[in-house]
Amino acid sequence: MFPLETVDIFFYIVSTIIIVTAILTVTAKNVLQSAIFLIFSFIGTAVFYLMLHAEFNAIAQVMIYAGGVVIFVVFTILLTSRLGETSLPIKIPRSFIAAVISLSLVFVMWRFLLPDASLIRTLPGANSDFASLESIAIRLLGIDANGFVIAFELISVLLLVTLICSITIARKSKENK
Amino acid sequence: MIDPVISHPLGDFIREIIPIPEISFLINALISIIAICAVAIGTAPILIYMERKICAHIQCRLGPMRLGFHGTLQTIADVMKLLFKEVYAPKGADKFLFYLAPMISLTAPFLALTMIPFDHNLQVANLSVGIPFIIAVNGFGILGILIGGWASNNKYSLLGSLRSGAQMISYEISFALVLLFVVMVSGSANLMDITQSQSGTILDWWIFKIPVLGFIAFIMFFISSTAELNRAPFDIAEAEQELTGGYHTEYNGTAFAMFYLAEYINLVTTSSLATTCFLGGFYPPLIGIESIDTLLLKVPGFIWFAGKVFFMISAYMVVRWTFVRPRVDQLMDFEWKFLLPANLLLLALGATYIAIIG
Chain A
274 MFPLETVDIF
284 FYIVSTIIIV
294 TAILTVTAKN
304 VLQSAIFLIF
314 SFIGTAVFYL
324 MLHAEFNAIA
334 QVMIYAGGVV
344 IFVVFTILLT
354 SRLGETSLPI
364 KIPRSFIAAV
374 ISLSLVFVMW
384 RFLLPDASLI
394 RTLPGANSDF
404 ASLESIAIRL
414 LGIDANGFVI
424 AFELISVLLL
434 VTLICSITIA
444 RKSKENK
Chain B
14 MIDPVISHPL
24 GDFIREIIPI
34 PEISFLINAL
44 ISIIAICAVA
54 IGTAPILIYM
64 ERKICAHIQC
74 RLGPMRLGFH
84 GTLQTIADVM
94 KLLFKEVYAP
104 KGADKFLFYL
114 APMISLTAPF
124 LALTMIPFDH
134 NLQVANLSVG
144 IPFIIAVNGF
154 GILGILIGGW
164 ASNNKYSLLG
174 SLRSGAQMIS
184 YEISFALVLL
194 FVVMVSGSAN
204 LMDITQSQSG
214 TILDWWIFKI
224 PVLGFIAFIM
234 FFISSTAELN
244 RAPFDIAEAE
254 QELTGGYHTE
264 YNGTAFAMFY
274 LAEYINLVTT
284 SSLATTCFLG
294 GFYPPLIGIE
304 SIDTLLLKVP
314 GFIWFAGKVF
324 FMISAYMVVR
334 WTFVRPRVDQ
344 LMDFEWKFLL
354 PANLLLLALG
364 ATYIAIIG
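Line by line, the protein sequences give chains A and B.
If you read the first sequence in the working numbering, its first letter stands for residue 274, the second for the next number, and so on.
If you read the second sequence in the working numbering, its first letter stands for residue 14, the second for the next number, and so on.
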C-alpha cells in the first residue's frame, strides 16, 4: 500500500521505541515501572507483526504478553509488600558486564547478519492474507499433510483440563472449610 | 500493514481528490479518530445525566433539577468543574505511573470502539480478528486500574485495585468464552460478518436464532460484562462503604475525569458489542409483515444501532440501582464455581447444536 520509504521511516520509529523501552525496562529502579515499560516494548513488537502482515500474531502478542503475562507480573508485584520503599540495588560491575555482553551480541549480529544480501530487503513477499486468522485456522485444523490437527487438539484438551482443574481447586478449598 | 479499511464513501472520496496515498491515508485516519472521539466523548455526558436521572427515579427522588430544564445543564457544569480543577499527585505517589494510569485505562474502550460496525459503511477497521482484538485490548483496562491503585500510595486504593484486578481477570474468562460462543455459531470473528449473519427477521438475531441457548448466552454475557465494567452489583472495586472510592480515591481533576470517562465509554463499547453479537447490530427488528417491515427499513441502520445500544445501557443502569452488592468471596465463587462451568457447558451444547441442526 505504502511506498517502501514510508514503511522504512515507520520501522525506524517503532524500533527506536522498542529499544528505548527495553533499555528502560532493565534500568528502571522500580520493578513496577519495569513491567510497564516491558508492556510498551511488547506492543512495539506487535506493531512489527502488523507491518509483516501477521495480524493474528500481533493480536496474540498483545493478548498473551501485554494482556496476560505482564498483568499477572504486575499483580504479583502488587501483592509483595513494601514495594517502592526499597529499590533493588544495582551493582556497577554487574551492569557493566551486562552492557558488555549485550553490546558484543549487537556487534556479532551486525557483523554476520548484515552482509547477507537476502536479509536487507525491507519487506518479505508475503501477501496480506498469508497469516490471517482464516488461513492460520485452516492450517491448524487441516487433516492433510500440511495440517496440525492432532497437535492442536492435544493442546486444546490440555487447556481445557487446566480450566477444569482450576474449577475443581476452587470448589475443594471451600469444602475443606 | 493493515490497509486503511475506510469503506465509507467519504474515504473513497478523499482517496479520489488527493492522489498521494500517504496523505489521503493520514486524512482518513484523522477523520476516523475524530469520529470515534466524537461518538465516545459526546455520549459520556448524556450517559452521566441518564444515570443520575434513572438512579433518582428508582430511588423515588427527582435527581438534578435546578440547572436548565430538568437539570440538563448539570453535567456540563460538572465537566467544566473537573476540567478547571488543579491536578496534583498525593505525597509519596509514583508520579510517572500516577499520571500514566488514567491514560492506559482510557485506551482500551477507544480501541474496542474502532471495531464496532455502526452501519453498513460506518466502521473504522474491518479486521478479520475483531473479537480477539477486543479481548486483547480489554487487558489494558485492568492494567490502568492496577497501576492507578498502586501509584496512589493509599491503602484503600491498593485494596480496591487488587480486588478489581482479581475480579476482572476472573470474569474476563467468561466474557471471552461467551464471545467465543458467538464466534462459533456465526462462523466468523469479524464483527461485520457476525452482524450480517443476523440479517432477516427479528428471529434471526443470535439471541432468538438458537432456541434457549442464545438467550442463556445473552444473560451470561450481560452478567460477565457487568463484572468487567466494574458496575454494581459487581462494583466491589470502588465500594464506597468499604473503600471510600477504590482505585481512584486519590485522583482529582482531569485525571479523575479520564477514569470516569473510561467507565462510561466502556459502557458504550460493551453495549455495542452486545448489540452486534446478540441483538442484530444495525438491522431493524423486522417481524415478517410486509407493510410494517417497509416502514422499519426506511429508518437508517445507525439509528437502530443507537436505539439498541441505549436500550442495553438503560438495562445496565436499572440493574445497577436495583440489586445489592455481593461480598468479594461470593463474587469469585459465582465466577469460578458457576459461570465458568456453565460457560463450558454452553460451548459444548452450542457445538452439538451446530453439528446436528446446522
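Virtual Cβ for every residue (Gly too), placed ideally from N, Cα, C.
Reducing DSSP to helix, strand and coil, say where L193 (chain B) ends up. helix
DSSP beta-bridge partners of T349 (chain A): In DSSP, T349 (chain A) forms no bridge with anything.
So, are the CB atoms of V92 (chain B) and P115 (chain B) less than 9 angstroms apart? no
Y338 (chain A) versus A:I312, A:F329 and A:V347, residue with shortest Cα-Cα distance: A:I312
Note down, in chain order, all residues in the segment 318-340 of chain A with a beta-carbon under 7 angstroms from any beta-carbon belonging to chain B. L323, M324, E328, F329, I332, V335, M336, A339 and G340
Would W349 (chain B) count as contacting chain C if we go by Cβ distances under 9 angstroms? Among the protein chains of the structure shown, namely A and B, there is no chain C.
Straight-line CA distance for K104 (chain B) to Y112 (chain B)? 14 angstroms
For S210 (chain B), I'd like the list of residues in its chain whose CB is within less than 6 angstroms of its CB, leaving aside the five on either flank, ordered along the chain. S199
Give me the DSSP bridge partner(s) of T239 (chain B). Answer is none; T239 (chain B) lacks a bridge partner.
Compare the C-beta of L386 (chain A) with all C-beta atoms of chain B and state if any pair is closer than 9 angstroms. no
Is P130 (chain B) close to chain A? Criterion is C-beta to C-beta, closer than 9 angstroms. no
Return yes when the Cβ of M181 (chain B) is within less than 9 angstroms of the Cβ of G154 (chain B), no when it is not. yes
Collapsed DSSP secondary structure at V293 (chain A) in the structure displayed: helix
Which term fits G314 (chain B), buried or exposed, when burial requires 16 or more other beta carbons within 10 angstroms of its beta carbon? buried
Which one or two residues does DSSP pair with T214 (chain B) in a beta bridge? B:L299
Should P145 (chain B) be flagged as near chain A, meaning a C-beta pair shorter than 9 angstroms? yes
Go ahead and label P297 (chain B) buried or exposed: buried means 16 or more other beta carbons lie within 10 angstroms of its beta carbon, across all protein chains shown. buried
If you run the structure through DSSP and keep just helix, strand and coil, what is G377 (chain B)? Any question about residue 377 (chain B) goes unanswered here, given that chain B covers just 14 to 371.
What first and last residue would you give for the alpha helix (DSSP H) that runs through M336 (chain A)? It is not in any alpha helix (DSSP H) - M336 (chain A) carries neither H nor E in the DSSP assignment.
Give the C-beta separation of T294 (chain A) and S314 (chain A) to the nearest angstrom, bearing in mind that I take them to be a contact with Cβ-Cβ under 8 angstroms. 4 angstroms
Please name the residue in B:L124, B:L126, B:I61 and B:S170 whose C-alpha comes closest to that of T262 (chain B). B:S170
Neighbour-count burial assignment, D107 (chain B), 16 or more Cβ in a 10 Å radius: buried
Helix, strand or coil for P32 (chain B), going by three-state DSSP, please let me know. coil
Confirm, please, whether the CB-CB distance from I229 (chain B) to L359 (chain B) is below 9 angstroms. yes
Got a sec? Which residues, its chain only, sit under 6 angstroms from A267 (chain B) by beta carbon, not counting five neighbours each side? A quick correction: the sequence has Thr, not Ala, at residue 267 (chain B). The residues are V100.
Along the segment 422-444 of chain A, where does the CB come closer than 9 angstroms to a CB of chain B? Name the residues. L433, L436, I437, S439, I440, I442, A443 and R444
Reduced DSSP secondary structure (H/G/I, E/B, other) of I370 (chain B): coil
Please state whether DSSP places F247 (chain B) in a helix, a strand or coil. coil
Residue closest to L80 (chain B), alpha-carbon to alpha-carbon, out of B:I89, B:A138, B:C73 and B:R74: B:I89
Expressed to the nearest angstrom, what Euclidean distance is found between the alpha-carbon atoms of R338 (chain B) and D248 (chain B)? 7 angstroms
So is I292 (chain A) in contact with chain B if we call contact Cβ pairs under 9 angstroms? no
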